[in-house]
Amino acid sequence: MPGCRRWKKQPTSLRTITGDDLRCAGVGTAKLEPRERQATVVDVIVSEQRPLGFDIVLGIHAIRRLGGMFLDRHGGVQLGPLHAPVCAAADEGICVEGAEFVATYEPTLRSWKAAWKWANGRSPGTLDNTKEEYPPAAAARAAYEKELETWIHNGWLVPYDEQNQSTDLSNGRHPTRKGEVRPVLDFRELNGHIDTFTANSDVCASKLREWRRRGTNVSILDLRRAYLQIRVEESLWSYQTVMLHGRRYCLTRLGFGLNVAPSIMKAVVDKVLSLAPEVSKGSSAYLDDIFVDESVVSARVVSKHLAQYGLESKSAESVWEGARVLGLQVWGEHDILRWKRGNEVAEPPKKLARRSVFSYCGELVGHYPVCGWLRVASAFVKREANSATSRWDEPIHGDRIPRHLDEIACQLKERDPAQGRWDTSGTAARMWVDASALALGVALEVNGAIVEDGTRLRPDEARHFNMAELDAVIKGLNLALTWKMKTVELMTDSATVHRWIEDGLSGKPRLKTKAANEMLIRRRVETVLALVREYELTLTVTLVRSADNKADKLTRVPSRWIA
């Protein structure tokens, strides 16, 4: 028992390989620290007598935590991966660094370790948050505590060691919250001391476009408990502590809710995928979701490659057979892939405030590529909520907004526009554009299917429709360029805009207009021509009837809403 200081009495017995019972005194945890290796914490069973005459017997769990055990022909034992020095030499340069973090791969442990960078280069010392727990619902308490026990068993939560942790940080407490059975630390105060950089805010939409161009022979890999696979630098453990049954534990892994965690996860996964050319070419990651083009590389090869660098994934899911991809449900049907909303839409909130209206409308359109009439309807209701309130949590009175939300919910039950064809190919597209007094609308059509649409409400202004139509043309071309289109047929129901763009493309020396905003019109037409030249687009313009314009529904709400 001298080798284990943290243990408690508990009647326990073991059956030895000789068939005898071994009476034990209790259970606890011990820190194992091989020579020139990182220490690891394991669960132990404490005995008053030596088991089989040995001071310590390592079980499978401990051997796995130590990186494995190898026995040579001379009886020598090596802990950790075989020929670890050779692996270390090969992988010692693997390090990724961002503006707010550093992550390094440790080949002897086959795992990644990360450390965040403090804002202004200074740690905060003691954190002021002293709330120990946000109690979960009574029905979830058992599952919640079982999950935390799993974390302790796996060494993700270790007892707080005041002797080895910085004493000036010992008051930093982070309460836990419960969402299903995922304990989440309250990182709000800590996040205030870590800078984050969100320049790539549109990365989800970009990934969707990229993945939809991969064809139909694709699979999705999901990392198993992704954040918990990334270890945190030990000096930072005391900034993420929890209380459980009156005892403080440190989270030794990356915590969900830490503002820098997504950046770390993205950098690590992208780095690992880049280490093998075939894997890099045939896969693409969004945080812990990895999209695999099976025509280039098999999901099995990608999964094996990830495991080689300490990232364990779940079994691959064939998208053709049905899978969730970035929150969308995707499946194969009649030689194509189709998608729809990944979750059922809830009923509109009963108590309305600006915050609840924005939250509900955000759920309706989310990051879905196509939403049709729902885009302009939800945007219109949000504008109404803004007009009806001056604060986020101010109650909304009257029946106008509730009536509009109920009408939207009723229409969604009949026909949800958030659906369509998933797979997209080619560089030729039709771009439908329209404008009304209320909004601008654009819809990109490829191979007969609308692959993405967009709406923007117009500000309250007196600019002419034709100016707004030109703005819609520019936004539509920008959308086509994000899809890397080279041949675009512009579909408009404005005869004036059709003539302006046609004249510009044909090289006529002067724009003919008697409008008061002639210079602004010229500037917009020149912007269109500049995009054509810069990106070497083949652009044609087609005049269609308003009734046939597929962008028309993106610009209108029921007339009774405006009356």
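Going by the UniProt record's numbering, the first residue of the sequence shown is number 1, and it counts up by one from there.
Glycine is no exception: its CB is placed at the ideal position from the N, C-alpha and C atoms.
Remember, predicted model here, so these are calculated numbers, not experimental data.
Item	Value
VAL268, enclosing beta strand (DSSP E) - first and last residue	Where VAL268 is concerned, there is no enclosing beta strand (DSSP E), although the alpha helix (DSSP H) it sits in stretches over 261 to 274.
The stretch 42 to 59 touching the stretch 223 to 235, judged by at least three CB pairs closer than 8 Å	no
Of the listed residues SER298, ALA261 and ALA267, nearest to VAL279 (C-alpha basis)	SER298
Coarse secondary structure for LEU374, derived from DSSP in three states	helix
Complete beta strand (DSSP E) runs within the stretch 516 to 543 (minimum length 3 residues, chain order)	538 to 543
Residue from TYR360, VAL541 and VAL269 whose Cα sits closest to the Cα of LEU374	TYR360
Residue from ALA143, ALA119, PHE101 and ARG64 with nearest C-alpha to ARG110	ARG64
Whole-number beta carbon distance between VAL260 and THR196, since they are thought to touch under 8 Å	6 Å
Range covered by the alpha helix (DSSP H) that runs through TYR105	From DSSP, TYR105 is part of no alpha helix (DSSP H) but of the beta strand (DSSP E) over 101 to 106.
Euclidean distance between Cα positions of ILE290 and ARG324	12 Å
C-alpha gap between GLU144 and PRO136, whole angstroms	Rather than Glu, the amino acid found at residue 144 in this sequence is Tyr. Taking the straight line joining both Cα atoms gives about 8 Å.
Residue ranges of each beta strand (DSSP E) within the stretch 107 to 142, 3 or longer	111 to 116
Distance, PHE358 Cα to HIS397 Cα	16 Å
Counterpart residues of MET431 in DSSP-defined beta bridges	LEU444 and LEU490
DSSP three-state assignment for ALA89, whether helix, strand or coil	Caution applies to ALA89, whose pLDDT of 36 falls short of 50 and renders its modelled position unreliable; the model cannot decide the point.
Closest residue to ASP128 among ILE408, ARG141 and LEU190 (Cα-Cα distance)	LEU190
Limits of the unbroken beta strand (DSSP E) element including PRO51	First-last for PRO51: undefined, no H or E at that position.
Exposed unless 16 or more other CB atoms sit within 10 angstroms - verdict on CYS250	buried
Segment limits, alpha helix (DSSP H) that includes TYR360	354 to 365
Stretch pair the stretch 93 to 100 + the stretch 260 to 269: three plus CB contacts closer than 8 Å	yes
Coarse secondary structure for LEU221, derived from DSSP in three states	strand
Burial state of SER315 (16 or more Cβ within 10 Å)	exposed
Cβ contact check for the stretch 445 to 462 and the stretch 396 to 411: 3 or more pairs under 8 Å	no
Beta-carbon spacing of PRO402, CYS371 below 8 Å	no
Buried versus exposed, by CB contacts within 10 Å (16 or more), HIS305	buried
Three-way DSSP call (helix, strand, coil) for ASP423 in this model	coil
Boundaries of the beta strand (DSSP E) in which MET485 is found, first to last residue	That residue, MET485, is in no beta strand (DSSP E); it is neither H nor E in DSSP.
GLU502 versus GLN419: straight-line alpha-carbon distance, rounded	34 Å
Integer-rounded CB distance, given that PRO183 should sit under 8 Å from GLU147	6 Å
Classification of PRO11 by the beta-carbon crowding that lies within 10 angstroms, buried from 16 upward	exposed
Backbone CA spacing between THR104 and GLY125 [nearest angstrom]	25 Å
Spatial neighbours of ALA88 in its chain, beta-carbon cut-off 8 Å, leaving aside the 5 residues before and after	At ALA88, the pLDDT of 36 sits below 50, so the modelled position is not reliable and the matter cannot be decided from this model.
Per-residue burial, GLY172 [other beta carbons within 10 Å of its own, 16 or more giving buried]	In this prediction, GLY172 has a pLDDT of 37, which is less than 50 and means its spatial position is unreliable; what the coordinates show is noted afterwards. Answer is buried; the Cβ neighbour count reaches 16.
Identified DSSP bridge partners for ALA439	LEU457
Option in PRO369, SER494 and LEU481 with minimal Cα separation from GLY327	PRO369
First and last residue of the uninterrupted alpha helix (DSSP H) at SER280	277 to 282
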